[in-house]
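S.K.: Residues in the sequence shown are numbered from 43 upward in steps of one, following our numbering. Note that CB positions come from ideal geometry on N, CA and C, so glycine has one too.
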Amino acid sequence: MPNRDDMMKRQRMLADFGEFSLRSDDLQEVLTEVCRLISQVLDTPLAKVIEIENSGGTALVTAGIGWPDGIVGNARLQLCDRSSETYAIKQGEPLVTQNIHEEERFEFPEFMKEAGVVALVNVPIFLPGGEPFGLLQVDDTRPREFDGDDIQFLRTCGTILGPVIDRLHKAPSLREALERNQKLMSELQHRVKNNIATIAALIRLRQRATGSDAARAELRLVGDRVDTLRLVHQRLYETGGIDRVDLGAYLRELLENLVHMQEDTEHAVNSDIEVEAVEFAVDKATPLGLIVNEFVTNSFKYAFRDRGGTICLRLERQDGHVTVTLADDGPGLPGEDDPASSDTGTGIKLIEALAGQIGAEPDWTCDAKGVCLTLRIAL
Numbered sequence: 043m044p045n046r047d048d049m050m051k052r053q054r055m056l057a058d059f060g061e062f063s064l065r066s067d068d069l070q071e072v073l074t075e076v077c078r079l080i081s082q083v084l085d086t087p088l089a090k091v092i093e094i095e096n097s098g099g100t101a102l103v104t105a106g107i108g109w110p111d112g113i114v115g116n117a118r119l120q121l122c123d124r125s126s127e128t129y130a131i132k133q134g135e136p137l138v139t140q141n142i143h144e145e146e147r148f149e150f151p152e153f154m155k156e157a158g159v160v161a162l163v164n165v166p167i168f169l170p171g172g173e174p175f176g177l178l179q180v181d182d183t184r185p186r187e188f189d190g191d192d193i194q195f196l197r198t199c200g201t202i203l204g205p206v207i208d209r210l211h212k213a214p215s216l217r218e219a220l221e222r223n224q225k226l227m228s229e230l231q232h233r234v235k236n237n238i239a240t241i242a243a244l245i246r247l248r249q250r251a252t253g254s255d256a257a258r259a260e261l262r263l264v265g266d267r268v269d270t271l272r273l274v275h276q277r278l279y280e281t282g283g284i285d286r287v288d289l290g291a292y293l294r295e296l297l298e299n300l301v302h303m304q305e306d307t308e309h310a311v312n313s314d315i316e317v318e319a320v321e322f323a324v325d326k327a328t329p330l331g332l333i334v335n336e337f338v339t340n341s342f343k344y345a346f347r348d349r350g351g352t353i354c355l356r357l358e359r360q361d362g363h364v365t366v367t368l369a370d371d372g373p374g375l376p377g378e379d380d381p382a383s384s385d386t387g388t389g390i391k392l393i394e395a396l397a398g399q400i401g402a403e404p405d406w407t408c409d410a411k412g413v414c415l416t417l418r419i420a421l
C-alpha cells in the first residue's frame, strides 16, 4: 500500500495531467504524457497506449514511453481469445499479470518479450457511451504484484482519458465544420451586402431622375437608411464576423459617410467623433445605426438649414453597458408653429421606436445650443 507521500504524488500527477489535457489539442502529445506520468509514478520502465484499429482484430501501439525505436506507431497486437487485452476489454476491468512466464491463460506479443516485459496491467479505455478505444498498459521488467491502490490509480487514469480522447478525436471535424460555416456565412454576407448596395444604387438613380424635390428628399432618406444596413454587412464581411461588429468603427464610418453625402449643401458641417472599440451584437447595431442616420438626417434638415455646424458622436463602455451620445450645435428643435415641427416629431418617434427595439430609453436635451440624444444600451 502506498504511503502518504506516494498518495500525494499520485494526486498531483492526476491534477497535472488533467490541466495538461485541457490545454493540449494534440492527441499524440496527451497520450505520450500520460504514459510518461504513470511510468514515473509507478516506477516502471515501460508504459503504452494501445488503440483498437477499425477492423477490430488488431490494436496499434499508438503512444508509449521506454520502448525501443520502431515500436510506437508500428507494433500491433492480435486481439484474439488468447489475448490479455481482449479479455480486459470484454470484462471492462483492469487485468493484472504478475509474471508472463507463469501465465498460462494468455499469449503475449514477441515485441513485449523482446523488451523484457515480465509484469503488466491492462486498463481498458472507454469513450463516452461505452465504446472501447483501447487500453492503457503499464509494463515492468521484473515480477510485480500491483496492489489495489495501483490498480485504482490506473483505472482513474483510464477514466480520465476516455472523454479527453473523444474531445480530441472530434476537434478536427468540429474545426472543419466551423470553418465551412464561417465561409458560407461570409459568402452570404457578401451577397447580402452586394444586393443591398444594388438596391441603394437604384434608389440613387431614381433620386437623380425624379423631378420632384419632395420625392427626391424622400428617396434620399430611404437611400441613407438602406446604406446604413449595407454598412453593417460590409463590416461583418470585412472582419469575418458572424453576429458581432466593432460598434465604434461602424458608427464612425456611418457618421462620416452621412456627413460626406451631404457635402453638396451650401454650408459646411463637420463631424466630431470619439468612440471606443466595443464588440456589439448585430441585431442591436442595426437599429442603432438607423438611429444615427435619423438623427443626422434631422440635423441637416432642421439644425443646419441655413448655417454650418458640427455633429458630435461619443461612444463609451460603462459597467456592462455602452453609452452613445449624438449632438448637434444647431438652434434646437423647431417650435410648434414651425412647419418643420411635424417632420421633426416623426423623426423623434422613429428614433424612440428603434431605441425600444434595443432596450434603450432615449434621453433628450434641447436648448439654444443644440440637440443632444443619449442612449444607454446593455452589452
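1) Should Ala-251 go down as buried or exposed, given a rule of 16 or more other Cβ atoms within 10 Å for buried?
2) Quick one: Cα of Glu-298 to Cα of Ala-105, how far?
3) Distance, Cα to Cα, Phe-150 vs Leu-162?
4) Measure the C-alpha to C-alpha separation of Glu-260 and Gln-304 and round it to an integer number of angstroms.
5) Do Val-324 and Val-268 have their C-beta atoms within less than 8 Å of each other?
6) Taking all protein chains shown into account, decide if Ser-254 is buried (16 or more other Cβ within 10 angstroms of its Cβ) or exposed.
7) Roughly how many angstroms lie between the CA atoms of Asp-314 and Thr-367, to the nearest whole one?
8) Short of 7 Å in beta carbon distance, which residues of its chain neighbour Gln-70, apart from the five on each side in sequence? Order them along the chain.
9) Cβ atoms of Cys-199 and Val-91: under 8 Å apart, would you say?
10) Using the Cβ count rule (16 or more neighbours within 10 Å means buried), how would you classify Pro-205?
11) Can you list, in chain order, the residues of its chain with a C-beta nearer than 7 Å to that of Leu-300? Leave out the 5 residues immediately preceding and following it.
12) Quick one: grab the DSSP three-state call for Ser-126.
13) Which class does Val-311 belong to by DSSP, given the choice of helix, strand or coil?
14) Given this structure, state the Cα-to-Cα distance separating Ala-382 from Pro-373, to the nearest angstrom.
15) Given 8 Å as the limit, is there contact between the segment 96-103 and the segment 113-129, that is, 3 or more CB pairs closer than that?
16) Can you grab the Cα-Cα spacing for the pair Arg-427 / Glu-145, in whole Å?
17) For Glu-127, count neighbouring C-beta atoms within 10 Å of its own C-beta (all shown protein chains included) and say buried if the count is 16 or more, exposed if not.
18) Inspect the CB distances between the segment 160-175 and the segment 133-143 and report whether three or more fall short of 8 Å.
19) For Trp-406, tell me which candidate among Glu-218, Thr-352, Arg-418 has the shortest Cα-Cα distance.
20) Between the C-alpha atoms of Phe-322 and Glu-221, what's the straight-line distance to the nearest angstrom?
M.R.: Reading from the atomic positions:
1) exposed
2) Glu-298 and Ala-105 have their C-alpha atoms roughly 59 Å apart.
3) 11 Å
4) 15 Å
5) no
6) exposed
7) 11 Å
8) Ala-105
9) no
10) exposed
11) Scanning its chain for C-beta atoms nearer than 7 Å, with the 5 sequence neighbours on each side dropped, one finds around Leu-300 the residues Asp-266, Asn-335, Val-338, in chain order.
12) helix
13) strand
14) Below a pLDDT of 50, predicted positions are generally treated as unreliable, and Ala-382, at 47, falls in that range; the measurement from the model is reported next regardless. Straight-line Cα distance between these residues: approximately 13 Å.
15) Output reads yes: the segment 113-129 touches the segment 96-103.
16) For the chain, the structure presents residues 43 to 421; residue 427 sits outside this window and is missing.
17) buried
18) The segment 160-175, when compared against the segment 133-143, does touch it at the 8 Å Cβ threshold.
19) Arg-418
20) 22 Å
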